[in-house]
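A short worksheet on the structure shown next.
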Amino acid sequence: MSGESVLEVKNLRTSFFTDDGEVAAVDDIDFYINKGEILGVVGESGCGKSVTSLSIMGLVPSPPGKIVGGEILYKGEDLTKASEKRMRQIRGNDITMIFQEPMTSLNPLFTIGNQIMETIRLHNKWNKQQVKERAIEILQMVGLPRAEELLNEYPHQLSGGMRQRVMIAMAMVCNPQLLIADEPTTALDVTIQAQILKLMKKLNHDYQTAIMMITHDLGVVAEVCQRVVVMYAGKVVEEGDIATIYKSPKHPYTVGLIKSVPDMRKKVDRLYSIPGNVPKPGSIKEGCRFAARCEHAFDRCFTETPELYQTGEGQKVRCFLYEQQGGVSK
Amino acid sequence: MLTYTIRRLLMLIPVLFGMTFVVFFIIRAIPGDPAQVILGQQATKEAVAQLTEKLGLNDPWYVQFFHYVKGLLSGDLGESLRSSAPIKDEIWPYLAATLELSLVAMFIAIFIGVNAGIISAWFQNSWFDYVAMILALIGISIPVFWLGLMEQWAFSLELGWLPSTGRENVRDPVEVVTNLYLIDTLIAGRFDQFGEVIRHLILPSLALATIPMAIIARITRSSMLEVMRSDYIRTARAKGMRMFFVVYKHSLKNAVIPVLTVIGLQVGLLLGGAILTETIFGWPGIGRYIYEAIGFRDYPVIQSGILIIATIFILINLIVDLLYVAIDPRIKYN
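Heads up: the sequence lines are chains A and B, in that order.
In terms of full-length UniProt numbering, the first sequence has 287 at position 287, counting the first letter as 1, and numbering is strictly consecutive.
In terms of full-length UniProt numbering, the second sequence has 41 at position 41, counting the first letter as 1, and numbering is strictly consecutive.
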């Protein structure tokens, strides 16, 4: 680990208990986020990215979900053991979150001002004037015009991009240490996407807020992240800094992901896609979870689960192909 | 908003006219002659014919209907055939009794029903949820007359805690001002009688509240469950808000619209549908007033009574529609 980490996730396992038994949506994952860093968490739908973020926030819907093992260390404090009261202090203040759907993430029946000032009041004992000034200031900071009027407007009067800016304002209003962004640009059109990413980069730069950027879009990762964690079916399959991963991806899944990004300079008949589908969570009991879709898979891949092997400076891969190179990292 | 309200109020006119028309014919289809009922079985044919003529019942139906509607338009609800008193004066004490009973019943139904629904949704699949929803199912299924009789048997006859009939301690009545006894006793400064009035209200209002309470609890629960799954509730929790405020501020306001709709309909039903409860508990309400009028074929009383209930019903639902706008900024009428 380099630098001082703000969040460290160790052997985290979050399961959903259904009629068919325990299904581990997140299975024994490790990663860390350094202070002021932007970490990308990449993977297809259903790979456990969102469950990971909800686990950190302590918001896994329970029942049926539950963190069954591991640690989530926020500045050394294990959040899996924190009381609900302590978690309420952390949420919205130290660790905040924005979501994929700006259209439905704001309460339609309360004004923008009410929803932002509510967050401020939850974590600060300020007077009315201070709260209002801070709300206006934060709206201006995220680049919203007419900040003062906006306070009295309702979400339905705003466009998707503006609402996402409001969400970011709400998440940033208490100067958090870590902002978890769960697919923050997926629901927005491309020009707005670029603006939102630019804003997040700026906030990260200006306020040294670490950002955990959850996405399935490698373009987003390349644009803003310094390091990236690739997840597949509830496991971390590759981890490394952005340049290494793009230049020399190791895990066949990562290779496939990067290959499936269309290249505008080449003319092809058919865009590449990884054959097969993401397995249903909990359906693969043993072996590498990617084995069934992997072109390099051999017998051992179906019976044994590979460890994360260190393959270079800061790069780790969960694949037997690289076992010889590095040895087990844990 | 104002134009919408005015338009809705104007729409009252054809609705009430149509309803008056239908009621006018239905009650005349009931076999039996008002004059005969008033004069009794022994009356001579001549006397009956004379009274029929005097009451104007020999006129063709359209003349009778015209006279009645003409009276209504000038604010005259007609006169009772039985007592010859103007219905306008006669009906208020009955209406007040029903209003008092229904409002108290509705207050109980809303307070308990809404909270039970909220807590059931909040702790879905908990023992509270199961017990509350089983009780709600029972509450919807129980016939009101049976529940009323059981209440009287248990709390009046066996335990002797509460009076079984009436509105007040009749041996020591309070001067009537508004006919709403809760208010009248306070005006008279008679707190002992105020307590008596409350004691008289408990059993009938509980019987009357049961069904609306159960319906409100169930609709609140399902509406809350849907809202609590939505993204903005997750946002509210991610802010670090207490679950109590997440539920009672962010969720409830979003879940309340279907609940309001049901409340509006139930209040309307209580006003007219309290006849059984009023009969069992000897409550001199408008349900009983109309019921007795039917026995006497007192056409004007039946017509005007139903007209008043219908008007209140429609007005309450108009208020509910206007409340939607106050709650949800996205709803606009125009």
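Using N, Cα and C, we set each Cβ at its ideal position, and we do this for glycine too.
Residue i - containing alpha helix (DSSP H), residue span
| i | result |
| --- | --- |
| GLU151 (chain B) | 144-151 |
| TYR94 (chain B) | 87-122 |
| LYS85 (chain A) | 84-90 |
| LEU73 (chain A) | No alpha helix (DSSP H) contains LEU73 (chain A), which is instead part of the beta strand (DSSP E) from 65-74. |
| VAL220 (chain A) | 218-224 |
| ASP231 (chain B) | 231-238 |
| MET228 (chain B) | 191-228 |
| GLN164 (chain A) | 160-172 |
| VAL41 (chain A) | Taken as a continuous stretch (DSSP letters only), VAL41 (chain A) belongs to no alpha helix (DSSP H), being part of the beta strand (DSSP E) at 38-42. |
| GLN303 (chain B) | 299-327 |
| GLY71 (chain B) | 61-73 |
| TYR309 (chain A) | No alpha helix (DSSP H) holds TYR309 (chain A); the beta strand (DSSP E) holding it covers 309-312. |
Anticipated Cβ contact below 8 angstroms, residue i with residue j, distance rounded
| i | j | result |
| --- | --- | --- |
| ILE308 (chain B) | VAL301 (chain B) | Going by Cβ atoms, the distance from ILE308 (chain B) to VAL301 (chain B) rounds to 11 angstroms, so no, they are not a contact pair. |
| GLU168 (chain B) | GLU196 (chain B) | 6 angstroms |
| PHE99 (chain A) | ASP231 (chain B) | 6 angstroms |
| ILE108 (chain B) | MET213 (chain B) | 7 angstroms |
| THR215 (chain A) | GLY40 (chain A) | 7 angstroms |
| CYS301 (chain A) | HIS251 (chain A) | Actually they are not in contact, since the Cβ atoms of CYS301 (chain A) and HIS251 (chain A) sit about 12 angstroms apart, beyond 8 angstroms. |
| GLN64 (chain B) | GLY56 (chain B) | 6 angstroms |
| VAL227 (chain B) | ALA255 (chain B) | 4 angstroms |
| ARG165 (chain A) | VAL131 (chain A) | Between VAL131 (chain A) and ARG165 (chain A) the Cβ distance is about 19 angstroms, and since that is not below 8 angstroms, they are no contact. |
| LEU147 (chain B) | ALA207 (chain B) | 5 angstroms |
| LYS253 (chain B) | LEU109 (chain A) | 5 angstroms |
| LEU265 (chain B) | LEU203 (chain B) | With 8 angstroms as the limit, LEU265 (chain B) and LEU203 (chain B) do not qualify as a contact, their Cβ atoms being about 24 angstroms apart. |
| ALA35 (chain B) | THR52 (chain B) | 4 angstroms |
Beta-carbon spacing of residue i, residue j below 8 angstroms
| i | j | result |
| --- | --- | --- |
| THR235 (chain B) | LEU106 (chain A) | yes |
| ILE33 (chain A) | MET212 (chain A) | yes |
| GLU153 (chain A) | THR111 (chain A) | yes |
| LEU179 (chain A) | MET162 (chain A) | no |
| SER102 (chain B) | VAL267 (chain B) | yes |
| MET11 (chain B) | TYR333 (chain B) | no |
| LEU12 (chain A) | ILE38 (chain A) | no |
| THR279 (chain B) | VAL320 (chain B) | no |
| ASP94 (chain A) | PRO176 (chain A) | yes |
| PRO166 (chain B) | GLY282 (chain B) | For the record, residue 166 (chain B) in the displayed sequence is Gly; it is not Pro. Cβ atoms of GLY166 (chain B) and GLY282 (chain B): closer than 8 angstroms. |
| VAL247 (chain B) | TRP122 (chain B) | yes |
| GLY287 (chain A) | ASP27 (chain A) | no |
| ARG288 (chain B) | ILE306 (chain B) | no |
| SER62 (chain A) | MET97 (chain A) | no |
| THR254 (chain A) | ILE242 (chain A) | no |
| TYR272 (chain A) | LYS285 (chain A) | no |
| ILE6 (chain B) | SER304 (chain B) | no |
| SER251 (chain B) | ILE233 (chain B) | yes |
Span of the beta strand (DSSP E) around residue i
| i | result |
| --- | --- |
| LEU7 (chain A) | 5-18 |
| ASP28 (chain A) | 21-34 |
| MET212 (chain A) | 210-215 |
| TYR248 (chain B) | Per DSSP, TYR248 (chain B) belongs to no beta strand (DSSP E) and is neither H nor E. |
| ASP206 (chain A) | It is not in any beta strand (DSSP E) - ASP206 (chain A) instead sits in the alpha helix (DSSP H) that spans 190-207. |
| ARG227 (chain A) | 227-232 |
| ALA181 (chain A) | 178-182 |
| residue 332 (chain A) | Beyond the ends of chain A as shown, which are 1 and 330, falls residue 332 (chain A); an answer cannot be given. |
| VAL237 (chain A) | 235-241 |
| GLN315 (chain A) | 315-317 |
| TYR272 (chain A) | Unbroken run through TYR272 (chain A): none, as it is neither H nor E. |
| residue 334 (chain A) | The structure shown does not extend to residue 334 (chain A), since chain A spans only 1 to 330, so no value can be given for it. |
| MET97 (chain A) | 95-98 |
Heavy atom of the ligand NAD within 7 angstroms of residue i beta-carbon
| i | result |
| --- | --- |
| GLU79 (chain B) | Ligands in the displayed structure: none, and consequently the ligand NAD is not present. |
Any chain D beta carbon closer than 8 angstroms to residue i
| i | result |
| --- | --- |
| ARG293 (chain A) | Reference to chain D is not applicable here, since the protein chains of this structure are A and B. |
For the region 238-272 of chain B, enumerate the residues whose C-beta is nearer than 7 angstroms to any C-beta of chain A, in chain order. Contact residues of the region 238-272 of chain B toward chain A are ALA238, LYS239, GLY240, MET241, ARG242, HIS250, LYS253, ASN254 (C-beta to C-beta distance below 7 angstroms).
In the region 163-179 of chain B, which residues sit with their C-beta less than 8 angstroms from some C-beta in chain A, listed in chain order? Hits within the stretch: zero.
Could you say if the region 18-25 of chain A and the region 79-99 of chain A meet the contact criterion of at least three C-beta pairs nearer than 8 angstroms? With the cut-off at 8 angstroms, the region 18-25 of chain A and the region 79-99 of chain A do not touch.
Okay, do the region 179-191 of chain B and the region 66-80 of chain B touch, 3+ Cβ pairs below 8 angstroms being the bar? The region 179-191 of chain B is not in contact with the region 66-80 of chain B.
How about the region 210-228 of chain B and the region 132-151 of chain B: do they share at least three Cβ pairs that are nearer than 8 angstroms? In the pairwise beta carbon analysis, the region 210-228 of chain B is classified as touching the region 132-151 of chain B: at least three pairs are separated by under 8 angstroms.
Counting only Cβ-Cβ distances shorter than 7 angstroms, please list the residues of the region 201-219 of chain A near chain B, keeping chain order. Under the 7 angstroms Cβ criterion, the region 201-219 of chain A contributes no residue.
Is there contact between the region 304-317 of chain A and the region 58-66 of chain A, where contact requires at least three CB pairs shorter than 8 angstroms? Contact fails: fewer than three Cβ-Cβ distances are below 8 angstroms.
Select from the region 106-123 of chain A all residues with a C-beta closer than 9 angstroms to any C-beta belonging to chain B, and list them in chain order. Within the region 106-123 of chain A, the residues whose Cβ lies closer than 9 angstroms to some Cβ of chain B are LEU106, ASN107, PRO108, LEU109, PHE110, THR111, GLN115, GLU118, THR119, LEU122, HIS123, listed in chain order.
Proximal residues, the region 220-238 of chain B versus chain A, C-beta separation under 9 angstroms: The region 220-238 of chain B vs chain A, Cβ under 9 angstroms: ARG229, SER230, ASP231, TYR232, ILE233, ARG234, THR235, ALA236, ARG237, ALA238.
Just by C-beta distance, which residues in the region 53-74 of chain A are closer than 7 angstroms to chain B? Answer set for the region 53-74 of chain A: MET57, LEU59.
Would you check if the region 10-21 of chain B and the region 36-43 of chain B touch, i.e. whether three or more CB-CB distances between them fall below 8 angstroms? Touching, no.
Between the region 182-193 of chain A and the region 215-225 of chain A, can you find at least three pairs of beta-carbon atoms closer than 8 angstroms? Enough Cβ pairs lie closer than 8 angstroms, so yes.
Residues of the region 92-105 of chain A with a CB closer than 8 angstroms to any CB of chain B: list them in chain order, please. Of all residues in the region 92-105 of chain A, only GLY92, ASN93, THR96, MET97, PHE99, GLU101, THR104, SER105 place a beta-carbon less than 8 angstroms from a beta-carbon of chain B.
Anything in the region 313-332 of chain B with a Cβ closer than 9 angstroms to a Cβ of chain A? List those residues in chain order, please. Flagged, chain order: ILE327, ASP328, PRO329, ARG330.
What residues in the region 143-163 of chain A bring their beta carbon closer than 8 angstroms to a beta carbon of chain B? Going along the region 143-163 of chain A in chain order, one finds TYR154, HIS156 with a Cβ nearer than 8 angstroms to chain B.
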